[in-house]
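Below is one structure, written out as structure tokens; comments come after it.
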Amino acid sequence: MGTPVVPPWMANLDDEDLTFVKKFILASGSMKEVAAEYGVSYPTVRLRLDRLIQKIRLAEQTEQDPYIALVKRLAVDDKLDFDTAKILITAYRSQLGRGGKAAY
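When we follow the UniProt record's numbering, the leftmost residue of the sequence shown carries the number 1, and every step to the right adds one.
Right under this line is the structure:
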């Protein structure tokens, strides 16, 4: 058997995220079952799953602009929340759209 290849989206997840994904899969995608296993509410599991989805989507997107790539990387690494990252990227693109020069 060859060397296992880890997809980039998975390589960006930390151990806690990977454990959550494993438990989610073993629970056949039942958030209710995962909530019971973690001892938390269903909405807490839903929020955790939504954050993972955002992380994976951001990791899948390739970005040429270094500033936008940095903001996305900070969001994926939980150094910046996703809503703030969206605001920064939108404002940056808006500034560029008005003929502004990137300061980065």
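Cβ atoms here follow ideal geometry from the backbone N, Cα and C, with glycine treated the same way.
Since the structure is predicted, the reported quantities are computational estimates derived from the model, not experimental observations.
Find out if the Cβ-Cβ distance for the pair residue i, residue j is shorter than 8 angstroms.
i	j	result
residue 69	residue 58	no
residue 52	residue 17	yes
residue 23	residue 34	yes
residue 89	residue 71	yes
residue 82	residue 61	no
residue 31	residue 42	yes
Could you tell me if residue i is buried or exposed, where buried requires 16 or more neighbouring beta carbons within 10 angstroms of its beta carbon?
i	result
residue 85	buried
residue 40	exposed
Look at the alpha carbon of residue i and the alpha carbon of residue j, and state the distance between them as a whole number of angstroms.
i	j	result
residue 104	residue 64	With a pLDDT of 49 at residue 104, under the threshold of 50, the modelled position of that residue is not reliable, and the figure given next carries that caveat. Using only the alpha carbons, I get a separation of about 13 angstroms.
residue 73	residue 95	21 angstroms
residue 12	residue 97	31 angstroms
residue 93	residue 66	12 angstroms
residue 45	residue 87	25 angstroms
residue 47	residue 8	23 angstroms
residue 78	residue 14	10 angstroms
Taking the continuous alpha helix (DSSP H) assigned at residue i, which residues delimit it?
i	result
residue 21	15 to 26
residue 98	Segment: none, residue 98 is in no alpha helix (DSSP H) and carries neither H nor E.
residue 54	42 to 60
residue 8	8 to 11
residue 32	31 to 38
If we cut at 8 angstroms on Cβ distances, does residue i have a partner in chain D?
i	result
residue 17	In the structure shown, chain D does not exist; there is a single protein chain.
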